[in-house]
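J.: Handing you this structure, nothing more for now.
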Amino acid sequence: MRQLKHDSLDWKSYYTTHTTTARAAVRAAVQDGAHLVFGHAVAAPESIAEALFLEREHFRDLTIFHMLYFATPWHLRPEMEGHARGRLNFLDKHSRPVVREGRADFVPCHFHEVPRLFREGLYPVDIAAVQLSPPNAEGYCSLGVSCDYTKAAIEEAKVIIAEVNEQMPFIAGDNLVHVTELDYIIPVDRPLTEIPLPEIGEVEQRIGEVCAALIHDGDTLQIGIGAIPDAVLQCLGDRKDLGLHTEMFTDGVMHMMRRGVITGARKTLHPRKVVSSIVMGSRELYDFVHQHPDIELYPVDYTNDPYIIGQNEDFVSINSCLEIDLCGQVASEAIGQDQFSGTGGQVDYLRGVRRAKNGRSILAFTSTAKGGTVSRIVPTLSAGATVTSGRNEVDYIATEYGAVRLQGLTLRERALALVSIAHPDFREALLASAEERFPQ
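What the sequence shown shows, in the working numbering, is residues 151 to 590, in sequence order.
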(Lines of atoms letter the chains of each structure in order from A and count residues from 1; the text may use other names and numbers.)
(Lines give C-alpha, C1' and ligand atoms only; values in the text may rest on other atoms or scores of the structure.)
Protein backbone atom coordinates (compact mmCIF):
# COMPACT_ATOMS: atom_id res chain seq x y z
CA MET A 1 0.00 0.00 0.00
CA ARG A 2 1.21 3.54 -0.79
CA GLN A 3 2.74 5.53 2.04
CA LEU A 4 0.85 8.73 2.90
CA LYS A 5 2.84 11.85 2.10
CA HIS A 6 0.64 14.86 2.67
CA ASP A 7 1.17 15.67 6.34
CA SER A 8 4.28 17.80 5.83
CA LEU A 9 3.69 19.25 2.37
CA ASP A 10 2.25 22.50 1.02
CA TRP A 11 -0.47 20.99 -1.13
CA LYS A 12 -1.04 24.05 -3.32
CA SER A 13 2.58 24.13 -4.39
CA TYR A 14 2.50 20.37 -4.89
CA TYR A 15 -0.58 20.71 -7.09
CA THR A 16 1.14 23.29 -9.27
CA THR A 17 4.38 21.38 -9.70
CA HIS A 18 2.63 18.09 -10.50
CA THR A 19 0.21 19.50 -13.06
CA THR A 20 0.83 18.19 -16.56
CA THR A 21 -0.91 16.94 -19.70
CA ALA A 22 -2.35 13.50 -20.24
CA ARG A 23 0.14 12.67 -22.99
CA ALA A 24 3.09 13.82 -20.91
CA ALA A 25 1.89 11.75 -17.95
CA VAL A 26 1.47 8.67 -20.11
CA ARG A 27 4.92 9.08 -21.66
CA ALA A 28 6.51 9.47 -18.23
CA ALA A 29 4.64 6.79 -16.29
CA VAL A 30 3.64 3.96 -18.62
CA GLN A 31 6.08 1.13 -19.28
CA ASP A 32 5.76 -2.10 -21.22
CA GLY A 33 3.71 -4.72 -19.39
CA ALA A 34 2.18 -2.32 -16.87
CA HIS A 35 -1.09 -3.12 -15.14
CA LEU A 36 -3.54 -0.20 -15.08
CA VAL A 37 -6.89 0.33 -13.37
CA PHE A 38 -9.33 2.83 -14.88
CA GLY A 39 -11.89 4.76 -12.85
CA HIS A 40 -15.40 3.39 -13.14
CA ALA A 41 -18.51 4.23 -15.14
CA VAL A 42 -19.08 7.99 -15.61
CA ALA A 43 -15.79 8.65 -13.80
CA ALA A 44 -13.87 7.03 -16.65
CA PRO A 45 -10.58 8.92 -17.29
CA GLU A 46 -11.20 9.73 -20.94
CA SER A 47 -8.26 12.05 -21.56
CA ILE A 48 -5.88 9.41 -20.17
CA ALA A 49 -7.43 6.70 -22.35
CA GLU A 50 -7.07 8.97 -25.39
CA ALA A 51 -3.45 9.69 -24.48
CA LEU A 52 -2.73 5.96 -24.27
CA PHE A 53 -4.18 5.58 -27.75
CA LEU A 54 -2.14 8.44 -29.18
CA GLU A 55 1.08 7.28 -27.48
CA ARG A 56 0.53 3.58 -28.16
CA GLU A 57 3.72 3.13 -30.20
CA HIS A 58 5.74 3.83 -27.05
CA PHE A 59 4.60 0.74 -25.13
CA ARG A 60 3.37 -2.82 -25.50
CA ASP A 61 1.46 -5.43 -23.50
CA LEU A 62 -0.43 -3.17 -21.11
CA THR A 63 -3.35 -4.65 -19.18
CA ILE A 64 -6.25 -2.33 -18.32
CA PHE A 65 -8.80 -3.31 -15.68
CA HIS A 66 -12.23 -1.71 -15.37
CA MET A 67 -15.92 -2.46 -15.14
CA LEU A 68 -18.37 -0.10 -16.86
CA TYR A 69 -16.72 2.52 -19.06
CA PHE A 70 -18.99 5.42 -20.06
CA ALA A 71 -16.71 7.49 -22.28
CA THR A 72 -15.03 7.14 -25.66
CA PRO A 73 -13.34 3.70 -25.46
CA TRP A 74 -9.99 4.67 -26.99
CA HIS A 75 -8.23 1.80 -25.24
CA LEU A 76 -10.54 -0.81 -26.78
CA ARG A 77 -9.99 0.17 -30.41
CA PRO A 78 -8.51 -2.44 -32.79
CA GLU A 79 -5.36 -0.30 -33.17
CA MET A 80 -4.54 -1.02 -29.52
CA GLU A 81 -4.02 -4.73 -30.18
CA GLY A 82 -0.55 -5.67 -28.99
CA HIS A 83 -0.30 -2.41 -27.07
CA ALA A 84 -3.07 -2.81 -24.49
CA ARG A 85 -5.65 -5.44 -23.59
CA GLY A 86 -8.75 -5.02 -21.45
CA ARG A 87 -9.29 -7.16 -18.36
CA LEU A 88 -12.93 -6.52 -17.61
CA ASN A 89 -15.25 -7.42 -14.75
CA PHE A 90 -18.47 -6.07 -16.27
CA LEU A 91 -19.42 -5.57 -19.91
CA ASP A 92 -21.30 -2.76 -21.61
CA LYS A 93 -22.07 -1.81 -25.20
CA HIS A 94 -18.44 -0.79 -25.81
CA SER A 95 -16.79 -3.89 -24.39
CA ARG A 96 -19.16 -6.72 -25.40
CA PRO A 97 -18.02 -6.87 -29.02
CA VAL A 98 -14.37 -6.54 -27.99
CA VAL A 99 -14.63 -9.59 -25.73
CA ARG A 100 -16.50 -11.53 -28.44
CA GLU A 101 -13.72 -10.73 -30.90
CA GLY A 102 -11.08 -11.96 -28.46
CA ARG A 103 -9.39 -8.58 -27.97
CA ALA A 104 -10.27 -8.32 -24.26
CA ASP A 105 -10.88 -10.75 -21.42
CA PHE A 106 -13.61 -11.15 -18.81
CA VAL A 107 -12.77 -11.74 -15.14
CA PRO A 108 -15.53 -13.28 -12.98
CA CYS A 109 -15.68 -11.70 -9.52
CA HIS A 110 -18.33 -10.53 -7.08
CA PHE A 111 -18.36 -6.73 -6.97
CA HIS A 112 -17.45 -6.44 -3.29
CA GLU A 113 -14.38 -8.63 -3.85
CA VAL A 114 -12.86 -6.56 -6.67
CA PRO A 115 -10.74 -4.45 -4.25
CA ARG A 116 -9.35 -7.71 -2.89
CA LEU A 117 -7.90 -8.48 -6.32
CA PHE A 118 -5.75 -5.37 -5.96
CA ARG A 119 -4.87 -5.75 -2.29
CA GLU A 120 -3.79 -9.37 -2.58
CA GLY A 121 -1.84 -8.89 -5.80
CA LEU A 122 -4.22 -11.02 -7.83
CA TYR A 123 -4.27 -8.00 -10.11
CA PRO A 124 -1.22 -5.88 -9.23
CA VAL A 125 -1.90 -2.16 -9.73
CA ASP A 126 1.01 -0.35 -11.31
CA ILE A 127 -1.01 2.69 -12.36
CA ALA A 128 -4.41 3.99 -11.22
CA ALA A 129 -5.91 6.28 -13.87
CA VAL A 130 -8.80 8.12 -12.23
CA GLN A 131 -11.03 11.18 -12.40
CA LEU A 132 -11.46 13.36 -9.29
CA SER A 133 -13.11 16.55 -8.11
CA PRO A 134 -11.14 19.75 -7.48
CA PRO A 135 -9.55 19.86 -4.03
CA ASN A 136 -11.24 21.41 -1.02
CA ALA A 137 -9.58 23.93 1.31
CA GLU A 138 -7.57 21.17 3.01
CA GLY A 139 -6.30 19.76 -0.28
CA TYR A 140 -8.57 16.73 -0.45
CA CYS A 141 -10.13 15.74 -3.76
CA SER A 142 -13.29 13.67 -3.80
CA LEU A 143 -13.47 10.55 -5.91
CA GLY A 144 -16.80 12.05 -6.87
CA VAL A 145 -19.33 9.69 -8.40
CA SER A 146 -17.15 6.57 -8.32
CA CYS A 147 -15.73 5.30 -5.05
CA ASP A 148 -16.43 1.56 -5.59
CA TYR A 149 -13.14 -0.17 -6.53
CA THR A 150 -11.42 3.13 -7.41
CA LYS A 151 -10.48 3.88 -3.79
CA ALA A 152 -8.67 0.56 -3.45
CA ALA A 153 -6.90 1.07 -6.78
CA ILE A 154 -5.61 4.44 -5.58
CA GLU A 155 -4.43 2.97 -2.28
CA GLU A 156 -2.57 0.10 -3.96
CA ALA A 157 -1.17 1.83 -7.06
CA LYS A 158 2.51 2.54 -7.50
CA VAL A 159 1.58 5.58 -9.61
CA ILE A 160 -1.61 7.68 -9.70
CA ILE A 161 -2.53 9.67 -12.79
CA ALA A 162 -5.55 11.84 -11.99
CA GLU A 163 -7.81 13.96 -14.10
CA VAL A 164 -9.06 16.75 -11.82
CA ASN A 165 -12.38 17.71 -13.39
CA GLU A 166 -13.98 21.06 -12.55
CA GLN A 167 -17.38 19.44 -13.12
CA MET A 168 -16.92 16.39 -10.89
CA PRO A 169 -19.17 16.59 -7.78
CA PHE A 170 -17.55 16.64 -4.36
CA ILE A 171 -19.18 13.83 -2.35
CA ALA A 172 -18.19 12.95 1.20
CA GLY A 173 -17.86 9.60 2.96
CA ASP A 174 -14.80 7.37 2.62
CA ASN A 175 -14.37 9.00 -0.74
CA LEU A 176 -11.39 11.36 -0.49
CA VAL A 177 -7.77 11.41 -1.60
CA HIS A 178 -5.25 14.14 -0.83
CA VAL A 179 -3.66 16.06 -3.67
CA THR A 180 -0.19 15.07 -2.48
CA GLU A 181 -1.01 11.41 -3.14
CA LEU A 182 -1.29 12.15 -6.85
CA ASP A 183 1.77 11.71 -9.04
CA TYR A 184 0.41 13.38 -12.18
CA ILE A 185 -2.42 15.93 -12.16
CA ILE A 186 -4.30 16.66 -15.38
CA PRO A 187 -6.79 19.55 -15.11
CA VAL A 188 -9.92 19.05 -17.22
CA ASP A 189 -13.28 20.80 -17.43
CA ARG A 190 -15.89 18.63 -19.12
CA PRO A 191 -19.41 17.42 -18.30
CA LEU A 192 -19.82 13.94 -16.89
CA THR A 193 -21.50 11.43 -19.15
CA GLU A 194 -25.24 11.46 -18.61
CA ILE A 195 -27.25 8.26 -18.51
CA PRO A 196 -30.60 8.64 -20.33
CA LEU A 197 -33.68 8.14 -18.18
CA PRO A 198 -35.35 4.80 -18.96
CA GLU A 199 -38.77 4.55 -20.53
CA ILE A 200 -41.26 2.91 -18.17
CA GLY A 201 -43.86 0.92 -20.07
CA GLU A 202 -47.01 -0.78 -18.90
CA VAL A 203 -45.19 -4.01 -18.05
CA GLU A 204 -42.47 -2.27 -16.04
CA GLN A 205 -45.12 -0.25 -14.22
CA ARG A 206 -46.92 -3.41 -13.22
CA ILE A 207 -43.67 -4.99 -11.96
CA GLY A 208 -43.02 -1.83 -9.98
CA GLU A 209 -46.40 -2.21 -8.30
CA VAL A 210 -45.73 -5.88 -7.52
CA CYS A 211 -42.38 -5.07 -5.90
CA ALA A 212 -43.68 -2.02 -4.04
CA ALA A 213 -46.26 -4.20 -2.30
CA LEU A 214 -43.36 -5.95 -0.55
CA ILE A 215 -41.81 -2.71 0.75
CA HIS A 216 -42.98 -1.13 4.00
CA ASP A 217 -42.52 2.15 5.86
CA GLY A 218 -39.03 2.42 7.30
CA ASP A 219 -37.43 -0.24 5.05
CA THR A 220 -33.89 0.29 3.77
CA LEU A 221 -33.47 -0.35 0.05
CA GLN A 222 -30.83 -1.43 -2.40
CA ILE A 223 -31.95 -0.68 -5.92
CA GLY A 224 -30.26 -0.40 -9.28
CA ILE A 225 -30.69 1.45 -12.54
CA GLY A 226 -33.24 0.95 -15.31
CA ALA A 227 -36.94 0.99 -16.03
CA ILE A 228 -37.96 -1.54 -13.38
CA PRO A 229 -36.03 0.08 -10.48
CA ASP A 230 -37.39 3.48 -11.47
CA ALA A 231 -40.91 2.05 -11.67
CA VAL A 232 -40.53 0.59 -8.18
CA LEU A 233 -39.45 3.95 -6.80
CA GLN A 234 -42.37 5.72 -8.47
CA CYS A 235 -44.75 3.30 -6.73
CA LEU A 236 -43.39 4.14 -3.28
CA GLY A 237 -44.63 7.71 -3.04
CA ASP A 238 -46.87 7.00 -0.05
CA ARG A 239 -44.17 5.28 2.04
CA LYS A 240 -42.53 6.97 4.99
CA ASP A 241 -38.92 7.14 6.12
CA LEU A 242 -37.38 4.77 3.60
CA GLY A 243 -33.62 4.39 3.75
CA LEU A 244 -31.00 3.65 1.12
CA HIS A 245 -27.87 1.50 1.32
CA THR A 246 -26.94 0.60 -2.22
CA GLU A 247 -24.16 0.17 -4.74
CA MET A 248 -25.73 2.65 -7.16
CA PHE A 249 -27.49 6.01 -6.73
CA THR A 250 -29.71 7.21 -9.59
CA ASP A 251 -32.16 9.95 -10.53
CA GLY A 252 -35.06 8.00 -9.07
CA VAL A 253 -33.49 8.16 -5.62
CA MET A 254 -32.94 11.90 -5.97
CA HIS A 255 -36.63 12.46 -6.70
CA MET A 256 -37.66 10.36 -3.69
CA MET A 257 -35.32 12.32 -1.42
CA ARG A 258 -36.80 15.58 -2.62
CA ARG A 259 -40.30 14.28 -1.92
CA GLY A 260 -39.32 13.33 1.61
CA VAL A 261 -39.92 9.61 1.05
CA ILE A 262 -36.28 8.62 1.50
CA THR A 263 -35.09 10.09 4.79
CA GLY A 264 -33.11 7.28 6.43
CA ALA A 265 -34.73 8.17 9.75
CA ARG A 266 -35.20 4.52 10.74
CA LYS A 267 -31.94 3.10 9.40
CA THR A 268 -29.96 0.97 11.85
CA LEU A 269 -26.66 1.68 10.04
CA HIS A 270 -25.72 5.21 8.96
CA PRO A 271 -29.05 6.69 10.09
CA ARG A 272 -30.28 9.65 8.02
CA LYS A 273 -27.51 9.08 5.46
CA VAL A 274 -27.93 7.84 1.91
CA VAL A 275 -25.05 5.41 1.41
CA SER A 276 -23.86 4.36 -2.03
CA SER A 277 -20.74 3.39 -3.96
CA ILE A 278 -21.51 4.83 -7.41
CA VAL A 279 -23.64 7.68 -8.78
CA MET A 280 -24.82 7.77 -12.38
CA GLY A 281 -27.63 9.57 -14.13
CA SER A 282 -28.44 13.10 -15.30
CA ARG A 283 -26.64 16.41 -14.95
CA GLU A 284 -29.40 17.35 -12.50
CA LEU A 285 -28.39 14.37 -10.37
CA TYR A 286 -24.71 15.32 -10.42
CA ASP A 287 -25.60 18.84 -9.29
CA PHE A 288 -27.86 17.39 -6.57
CA VAL A 289 -25.21 15.16 -5.00
CA HIS A 290 -22.49 17.85 -5.00
CA GLN A 291 -21.67 18.60 -1.35
CA HIS A 292 -25.03 17.18 -0.23
CA PRO A 293 -24.76 16.71 3.55
CA ASP A 294 -26.89 13.55 3.63
CA ILE A 295 -25.12 11.61 0.85
CA GLU A 296 -21.97 9.56 1.43
CA LEU A 297 -20.02 7.27 -0.87
CA TYR A 298 -17.97 4.31 0.37
CA PRO A 299 -15.80 1.65 -1.28
CA VAL A 300 -17.68 -1.33 -2.64
CA ASP A 301 -15.98 -3.72 -0.25
CA TYR A 302 -17.91 -1.83 2.44
CA THR A 303 -21.26 -1.06 0.79
CA ASN A 304 -21.53 -4.56 -0.71
CA ASP A 305 -19.97 -6.58 2.07
CA PRO A 306 -22.69 -9.05 3.11
CA TYR A 307 -21.75 -8.59 6.77
CA ILE A 308 -22.19 -4.81 6.50
CA ILE A 309 -25.43 -5.15 4.53
CA GLY A 310 -26.78 -7.44 7.23
CA GLN A 311 -26.48 -4.67 9.83
CA ASN A 312 -29.36 -2.86 8.13
CA GLU A 313 -32.62 -4.13 9.60
CA ASP A 314 -35.75 -4.32 7.42
CA PHE A 315 -33.58 -4.45 4.31
CA VAL A 316 -35.00 -5.01 0.81
CA SER A 317 -32.78 -5.55 -2.23
CA ILE A 318 -34.15 -5.36 -5.76
CA ASN A 319 -32.18 -6.76 -8.68
CA SER A 320 -32.90 -8.32 -12.05
CA CYS A 321 -31.90 -11.30 -14.14
CA LEU A 322 -31.99 -12.67 -17.67
CA GLU A 323 -33.31 -16.18 -17.03
CA ILE A 324 -34.43 -18.44 -14.18
CA ASP A 325 -35.06 -22.17 -14.27
CA LEU A 326 -37.79 -24.08 -12.47
CA CYS A 327 -35.42 -24.90 -9.58
CA GLY A 328 -34.66 -21.23 -8.98
CA GLN A 329 -31.21 -21.09 -10.54
CA VAL A 330 -30.62 -17.60 -11.91
CA ALA A 331 -28.59 -16.44 -14.91
CA SER A 332 -28.06 -12.68 -14.75
CA GLU A 333 -24.90 -11.99 -16.71
CA ALA A 334 -24.78 -14.20 -19.79
CA ILE A 335 -27.13 -15.33 -22.53
CA GLY A 336 -26.13 -18.94 -23.04
CA GLN A 337 -22.37 -18.83 -23.51
CA ASP A 338 -22.37 -15.16 -24.55
CA GLN A 339 -21.12 -12.94 -21.71
CA PHE A 340 -23.49 -9.95 -21.59
CA SER A 341 -22.68 -8.00 -18.40
CA GLY A 342 -21.25 -9.32 -15.13
CA THR A 343 -22.12 -10.51 -11.65
CA GLY A 344 -22.10 -7.01 -10.21
CA GLY A 345 -23.49 -6.83 -6.70
CA GLN A 346 -26.43 -9.18 -7.06
CA VAL A 347 -24.98 -12.03 -5.00
CA ASP A 348 -23.47 -9.58 -2.50
CA TYR A 349 -26.94 -8.31 -1.67
CA LEU A 350 -28.72 -11.66 -1.82
CA ARG A 351 -26.31 -12.91 0.83
CA GLY A 352 -26.30 -9.70 2.85
CA VAL A 353 -30.08 -9.52 3.01
CA ARG A 354 -30.17 -13.01 4.47
CA ARG A 355 -28.14 -11.68 7.42
CA ALA A 356 -30.44 -8.70 7.98
CA LYS A 357 -33.29 -8.82 10.45
CA ASN A 358 -36.47 -9.02 8.36
CA GLY A 359 -34.42 -8.91 5.15
CA ARG A 360 -36.04 -9.61 1.78
CA SER A 361 -34.46 -9.89 -1.65
CA ILE A 362 -36.41 -9.53 -4.89
CA LEU A 363 -35.32 -10.53 -8.38
CA ALA A 364 -37.68 -8.67 -10.71
CA PHE A 365 -37.86 -9.01 -14.48
CA THR A 366 -40.27 -9.10 -17.40
CA SER A 367 -41.67 -12.56 -17.97
CA THR A 368 -40.62 -12.65 -21.63
CA ALA A 369 -37.88 -11.42 -23.95
CA LYS A 370 -37.52 -10.80 -27.69
CA GLY A 371 -40.91 -9.22 -28.11
CA GLY A 372 -42.76 -11.84 -26.10
CA THR A 373 -41.44 -14.81 -28.10
CA VAL A 374 -39.15 -16.20 -25.38
CA SER A 375 -39.98 -16.99 -21.76
CA ARG A 376 -37.46 -15.89 -19.15
CA ILE A 377 -38.77 -18.64 -16.86
CA VAL A 378 -37.48 -21.87 -18.38
CA PRO A 379 -37.37 -25.59 -17.54
CA THR A 380 -33.55 -25.52 -17.56
CA LEU A 381 -31.09 -22.72 -18.18
CA SER A 382 -29.78 -22.24 -21.70
CA ALA A 383 -26.84 -24.44 -22.68
CA GLY A 384 -23.63 -22.98 -21.29
CA ALA A 385 -25.41 -20.35 -19.20
CA THR A 386 -23.62 -18.99 -16.14
CA VAL A 387 -25.41 -19.48 -12.82
CA THR A 388 -25.07 -16.08 -11.16
CA SER A 389 -27.26 -16.77 -8.13
CA GLY A 390 -27.72 -20.29 -6.84
CA ARG A 391 -31.13 -21.69 -6.01
CA ASN A 392 -30.32 -21.62 -2.28
CA GLU A 393 -29.82 -17.84 -2.37
CA VAL A 394 -32.92 -16.53 -4.11
CA ASP A 395 -35.93 -15.30 -2.18
CA TYR A 396 -38.75 -13.42 -3.94
CA ILE A 397 -39.13 -13.65 -7.71
CA ALA A 398 -41.34 -11.02 -9.37
CA THR A 399 -42.75 -10.52 -12.86
CA GLU A 400 -45.67 -8.50 -14.15
CA TYR A 401 -47.86 -11.45 -13.12
CA GLY A 402 -47.02 -11.34 -9.42
CA ALA A 403 -44.39 -12.32 -6.88
CA VAL A 404 -43.59 -15.68 -5.30
CA ARG A 405 -41.27 -16.48 -2.43
CA LEU A 406 -39.05 -19.50 -3.07
CA GLN A 407 -37.41 -19.73 0.34
CA GLY A 408 -38.65 -22.83 2.16
CA LEU A 409 -40.32 -24.43 -0.87
CA THR A 410 -39.55 -27.87 -2.24
CA LEU A 411 -38.32 -28.20 -5.82
CA ARG A 412 -41.80 -29.11 -7.00
CA GLU A 413 -43.37 -26.23 -5.08
CA ARG A 414 -40.81 -23.84 -6.52
CA ALA A 415 -41.50 -24.99 -10.05
CA LEU A 416 -45.27 -24.57 -9.65
CA ALA A 417 -44.82 -21.17 -8.03
CA LEU A 418 -42.65 -19.96 -10.91
CA VAL A 419 -45.12 -21.28 -13.48
CA SER A 420 -47.81 -19.16 -11.82
CA ILE A 421 -45.92 -15.92 -12.61
CA ALA A 422 -44.76 -16.91 -16.09
CA HIS A 423 -46.38 -15.41 -19.16
CA PRO A 424 -49.68 -17.22 -19.88
CA ASP A 425 -48.46 -18.20 -23.34
CA PHE A 426 -45.77 -20.41 -21.79
CA ARG A 427 -47.47 -21.75 -18.67
CA GLU A 428 -48.83 -24.93 -20.18
CA ALA A 429 -45.44 -26.05 -21.50
CA LEU A 430 -43.71 -25.06 -18.28
CA LEU A 431 -46.28 -26.91 -16.20
CA ALA A 432 -45.76 -30.04 -18.30
CA SER A 433 -42.00 -29.77 -17.72
CA ALA A 434 -42.56 -29.30 -14.00
CA GLU A 435 -44.85 -32.33 -13.76
CA GLU A 436 -42.39 -34.50 -15.68
CA ARG A 437 -39.38 -33.40 -13.67
CA PHE A 438 -41.01 -33.32 -10.24
CA PRO A 439 -43.82 -35.91 -10.20
CA GLN A 440 -45.91 -36.33 -7.11
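Glycine included, C-beta positions come from ideal geometry on N, C-alpha and C.
Is the beta carbon of residue 422 less than 7 Å from the beta carbon of residue 460?
T.: No, the pair does not count as a contact, with Cβ atoms beyond the cut-off.
J.: Kindly indicate which three-state DSSP category residue 188 falls into: helix, strand or coil?
T.: Note: residue 188 maps to strand in three-state DSSP.
J.: How about residue 495 and residue 397: do their beta carbons lie closer than 7 Å?
T.: In this structure, residue 397 lies closer than 7 Å to residue 495 by Cβ.
J.: What separation, rounded to the nearest whole angstrom, lies between the Cα atoms of residue 575 and residue 210?
T.: So the alpha carbons of these two residues sit roughly 54 Å apart.
J.: Could you tell me which of 558, 165, 548 sits nearest to residue 569, measuring between CA atoms?
T.: Here the closest residue by C-alpha is 548.
J.: Considering only DSSP beta bridges, list what residue 238 is partnered with.
T.: DSSP lists 216, 256 as partners of residue 238.
J.: Please look up how many angstroms separate the CB atoms of residue 176 and residue 196, rounded, as I've assumed it's under 8 Å.
T.: That pair is no contact at about 13 Å.
J.: Just reading off the alpha helix (DSSP H) that residue 334 is part of, what are its end residues?
T.: That residue, residue 334, is in no alpha helix (DSSP H); its beta strand (DSSP E) goes 334-338.
J.: What ranges does the beta strand (DSSP E) occupy inside the segment 347-374, keeping only unbroken runs of at least 3 residues that lie completely in it?
T.: The qualifying runs are 370-373.
J.: Scan the segment 245-316 and note each continuous beta strand (DSSP E) run of 3 residues or more that stays entirely inside, going in chain order.
T.: List check, beta strand (DSSP E) in window: 254-256, 277-282, 290-292, 309-315.
J.: Going by other Cβ atoms of all chains shown within 10 Å of its Cβ, with 16 needed for buried, is residue 414 buried or exposed?
T.: Flag for residue 414 reads buried.
J.: From this set, 272, 330, 371, 527, which residue's C-alpha is nearest residue 471's C-alpha?
T.: Out of 272, 330, 371, 527, 527 has the C-alpha closest to the C-alpha of residue 471.
J.: Can you look up residue 436 in the DSSP assignment and give me helix, strand or coil?
T.: In the structure shown, residue 436 sits in a helix (DSSP, three-state: H, G or I).
J.: Could you check the C-alpha separation between residue 223 and residue 269 for me, to the nearest Å?
T.: Distance between the alpha carbons of residue 223 and residue 269 is about 26 Å.
J.: Bridge partners for residue 546 per DSSP, in chain order?
T.: DSSP output for residue 546 lists 512, 555 as bridge partner(s).
J.: What did DSSP end up calling residue 419 once you bin it into helix, strand or coil?
T.: Residue 419: coil per DSSP, three-state reduction.
J.: Could you tell me whether the Cβ atoms of residue 312 and residue 187 are closer together than 7 Å?
T.: Contact flag unset, no.
J.: Taking only runs of the beta strand (DSSP E) that begin and end inside the segment 480-508, which ones reach a length of at least 3 residues, in chain order?
T.: Complete beta strand (DSSP E) runs here, min 3: none at all.
J.: Give the secondary structure of residue 570 by DSSP, where H, G and I count as helix, E and B as strand, and everything else as coil.
T.: It is helical.
J.: Check this for me: beta carbons of residue 366 and residue 462, under 7 Å apart or not?
T.: Cβ atoms of residue 366 and residue 462: not closer than 7 Å.
J.: Would you please state the rounded distance, in angstroms, between the beta carbons of residue 239 and residue 257? I believe it to be under 8 Å.
T.: With 8 Å as the limit, residue 239 and residue 257 qualify as a contact, their Cβ atoms being about 5 Å apart.
J.: Report buried or exposed for residue 352, applying the criterion of at least 16 other Cβ atoms within 10 angstroms of its Cβ.
T.: By the neighbour-count rule (16 or more Cβ atoms within 10 Å), residue 352 is not buried but exposed.
J.: Please go through the same chain and pick out, in chain order, the residues whose beta-carbon is closer than 8 Å to the beta-carbon of residue 339, but skip the five residues on each side of it.
T.: Cβ within range, chain order: 315, 316, 317.
J.: With a threshold of 6 Å (Cβ to nearest heavy atom), would residue 540 be considered close to the ligand GDP?
T.: No copy of the ligand GDP appears in this structure; indeed no ligand is present at all.
J.: From residue 321 to residue 295, what distance separates their C-alpha atoms?
T.: Cα to Cα, residue 321 sits roughly 7 Å from residue 295.
J.: Here's a check: name, in chain order, each residue in its chain whose Cβ is nearer than 7 Å to the Cβ of residue 267, leaving out the five neighbours to either side.
T.: Cβ within range, chain order: 259, 273.
J.: Taking the continuous alpha helix (DSSP H) assigned at residue 588, which residues delimit it?
T.: Premise fails: residue 588 is in no alpha helix (DSSP H) and is neither H nor E.
J.: Which of helix, strand or coil does DSSP assign to residue 576?
T.: DSSP places residue 576 in helix when its eight states are reduced to three.
J.: What residue does the alpha helix (DSSP H) around residue 204 start on, and which one ends it?
T.: 196-204 is the extent of the alpha helix (DSSP H) around residue 204.
J.: Measuring CA to CA, which of 293, 450, 541, 586 is closest to residue 299?
T.: That would be 450, whose Cα lies nearest to the Cα of residue 299.
J.: Below 8 Å, how does it come out for the segment 503-520 and the segment 470-487: are there three or more Cβ pairs, yes or no?
T.: Yes: at least three Cβ pairs fall under 8 Å.
J.: Could you say which of 163, 400, 361 lies nearest to residue 555 if we only look at CA atoms?
T.: Among 163, 400, 361, the Cα nearest to that of residue 555 is on 361.
J.: Counting Cβ pairs closer than 8 Å, one from the segment 558-568 and one from the segment 476-486, do we hit at least three?
T.: A contact exists between the segment 558-568 and the segment 476-486.
J.: Considering just the uninterrupted stretch of the alpha helix (DSSP H) at residue 326, what are its terminal residues?
T.: Careful: residue 326 lies outside any alpha helix (DSSP H), inside the beta strand (DSSP E) at 326-328.
J.: Inspect the beta-carbon positions of residue 502 and residue 534 and report whether they are closer than 7 Å.
T.: Taking 7 Å as the Cβ cut-off, residue 502 and residue 534 do not qualify as a contacting pair.
J.: Just how far apart, CA to CA, sit residue 379 and residue 550?
T.: Spanning the two alpha carbons is a distance of roughly 13 Å.
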